[in-house]
Structures are given as C-alpha cells and as structure tokens.
Amino acid sequence: MAVSAFNSSHEAVAARYDAVDSAYRETRDLRLLGFVLFLISDVVLFSAFIFAYLYLRNSVPDWPPITSTGHQLPRFDVAFAAINSCVLFGSGATMHYAMESWKHLNKPAFNLWMIATIVLGCTFLGGQVYEYQHVAITWAGSTMGATFFTLTGMHGFHVFIGIIYLITLFVQANTGVYTGSKYFGLTAGTLYWHFVDVIWVALFYLFYLM
Amino acid sequence: MAATIEKGIAFVLALLVGGTTSFQLYKDWSSTGLDNQVTKLLLGLMAFGCILVVLAAVGVLGGG
Chain A
17 MAVSAFNSSH EAVAARYDAV DSAYRETRDL RLLGFVLFLI SDVVLFSAFI
67 FAYLYLRNSV PDWPPITSTG HQLPRFDVAF AAINSCVLFG SGATMHYAME
117 SWKHLNKPAF NLWMIATIVL GCTFLGGQVY EYQHVAITWA GSTMGATFFT
167 LTGMHGFHVF IGIIYLITLF VQANTGVYTG SKYFGLTAGT LYWHFVDVIW
217 VALFYLFYLM
Chain B
-16 MAATIEKGIA FVLALLVGGT TSFQLYKDWS STGLDNQVTK LLLGLMAFGC
34 ILVVLAAVGV LGGG
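Chains A and B supply the protein sequences, listed in that same order. Residues in the first sequence are numbered from 17 upward in steps of one, following my numbering. Residues in the second sequence are numbered from -16 upward in steps of one, following my numbering.
Listed below in structure tokens is the structure:
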C-alpha cells in the first residue's frame, strides 16, 4: 500500500470507509452494534464479580483481612502492578496506532504496531504469571485471595483470548482478508483490546490502590 | 529501594503512555461513528488509568 498525502488525510479515510456497497455497509453497522453489545455484556460479567468482591471486602472489619492465626495478610505489590499496568496500557496505544496505520493504508507500520501490541500483551501476561508465583496469598486461603485470583484470572483469560485474536487478525490482514475500505474485523479487534485495557484500570484500582 | 526504582519506571511509562493516549484522543476528538465514539471513550478511560498509575507511583494512592 502506497502512502500519499491524499491517502493519509482523515477525509480520505472517511471517504474510503463509506465507499462500500450498501449491503456491506448495513451488515457492517449491524455487526458493529452487535460487537458493542457483546462488550457491554462483558462489562456486566465483570461488574457482577466486582460487586461480589466489594461485598466480601466490606463484610470484614479489616482489609487486608486478618487470618485465623491472627496475622494480617499483606497488601499487593503496587510498584510491580503499576509497571505491568503501563505495559498493558501501552499495548492499547500501539493497537490504536496499528488501526490508524491500516486506515491510512500504511501496511508496514500496521504490521510493526500489531507485533508490538502482541509482544506487550504477552509481556503483561508474563508479568501476571510472575505475580501469581510470588504473591503471598492463595486462592483457597482467604476471600482476598479468592476474589483476587478469580477477577485477575478472568481478566488474564480475556487478555490471552485477545492475543490469539490479534494474531488471527495479523495473519488475516497479511493474507488479503481486509482492504482499505473493508476492515471490520480490525475495528472489532481494536475495540476488544481497548476494552481489556479499561477493565484492568478498574481491577488495578480495586486490588492495588483502594 | 527496588520498589522506589519500580515506581520511578512506572511513573515515566505512565507519563509516556498517558501522553500518547491523550494526544490520540485529542486528534480523534472530531471523528464520528459508533466505533470512533466507543474508541474515544475507551482511550479516555485508559488515560485515566495512566493518571492512577502516576498517583500510585508518587504515593498518593495505594498506601505509598
């Protein structure tokens, strides 16, 4: 894909986006609405677990809770989680650049940003595995451990699925599945990845900062 | 000492990512369409996440 001044303007992107047949446009808009509704349903899923966590947290007098042996559980490592959060948020930024590169017909840049996103996503997952190995609580030992592993594990699973999704999109984009005007899959992938980032904002605050 | 270094790294990264995200949000502010609106909302929340990381790095949140 060649990059020219015309191709890189926002007007050109919008014009290309609309330059599709009406049947495709209608289907694309419906799929987009369906995907946004899917993301909203995922918000409901996470909200249910988050409210359960808040309920359990408020049902004990001290947090972190005091165990039956009388000692208080330690807080989670904020410094490490802060770095890991930046890695995930950074992957959101690179994904956004990947999408913008595709819209502006800059395929080499798209490939570069996509690879960066996948690498950062894997780095985040690696950081989470490291944290699981070093955290001083277990799943079964306390409500703190149960809620922490359930919610961050569920989020980690979303990240894992997201990485597979991104790899699929990367392969599809390089095998001619998407064009300069038809790229709904990439749009959906970008929205999903941003969504996963934003869920982490809530989890980071709830478990590490609150 | 290690925690201080980690917080310093997180502080720099959060400024970098938060600045980039905010700039993208500013650049795309006038874009229309459902996908762009949702993207802007999510970018804004990501920028908010970076602010949380900065506050955690300087010790305002997360117990110092």
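Even for Gly, the Cβ is constructed at its ideal location relative to N, Cα and C.
query: Where do the ends of the alpha helix (DSSP H) carrying A:Val151 lie?; result: Looking at the DSSP string, A:Val151 is not in any alpha helix (DSSP H), and its letter there is neither H nor E.
query: How would you write the range of the alpha helix (DSSP H) that B:Trp12 sits in, first residue to last?; result: Premise fails: B:Trp12 is in no alpha helix (DSSP H) and is neither H nor E.
query: Report yes or no: is there a C-beta of chain B within less than 8 Å of the C-beta of A:Phe211?; result: yes
query: Taking three-plus beta-carbon pairs below 8 Å as touching, is the segment 95 to 112 of chain A in contact with the segment -5 to 3 of chain B?; result: yes
query: Around the Cβ of A:Asp78, are there at least 16 other Cβ atoms within 10 angstroms (buried) or fewer (exposed)?; result: exposed
query: Do A:Leu89 and A:Ser158 have their beta-carbon atoms positioned less than 8 Å apart in this structure?; result: yes
query: Start and end of the alpha helix (DSSP H) containing A:Asn100?; result: Val94 to Lys119
query: In the segment 14 to 25 of chain B, which residues sit with their C-beta less than 7 Å from some C-beta in chain A, listed in chain order?; result: Leu17, Asp18, Val21, Thr22 and Leu25
query: Between B:Val36 and the rest of its own chain, which residues show a CB-CB distance below 6 Å, the 5 nearest in sequence each way excluded?; result: Ala(-7) and Ala(-3)
query: Would you kindly check if the distance between the Cβ of A:Asp34 and the Cβ of A:Phe105 is under 8 Å?; result: no
query: For A:Tyr224, which residues in chain B fall below 8 Å Cβ to Cβ?; result: Ala39 and Gly45
query: In its own chain, which residues sit with a C-beta less than 8 Å from the C-beta of B:Leu8, not counting the 5 before and 5 after it?; result: Lys23, Leu26, Gly27 and Ala30
query: Can you pull the DSSP bridge partners for A:Gln88?; result: A:Ile82
query: Suppose contacts are defined by Cβ-Cβ distances below 8 Å. Is A:Gly2 in contact with A:Tyr208 by that definition?; result: With chain A covering only 17 through 226, there is no way to say anything about residue 2 of chain A.
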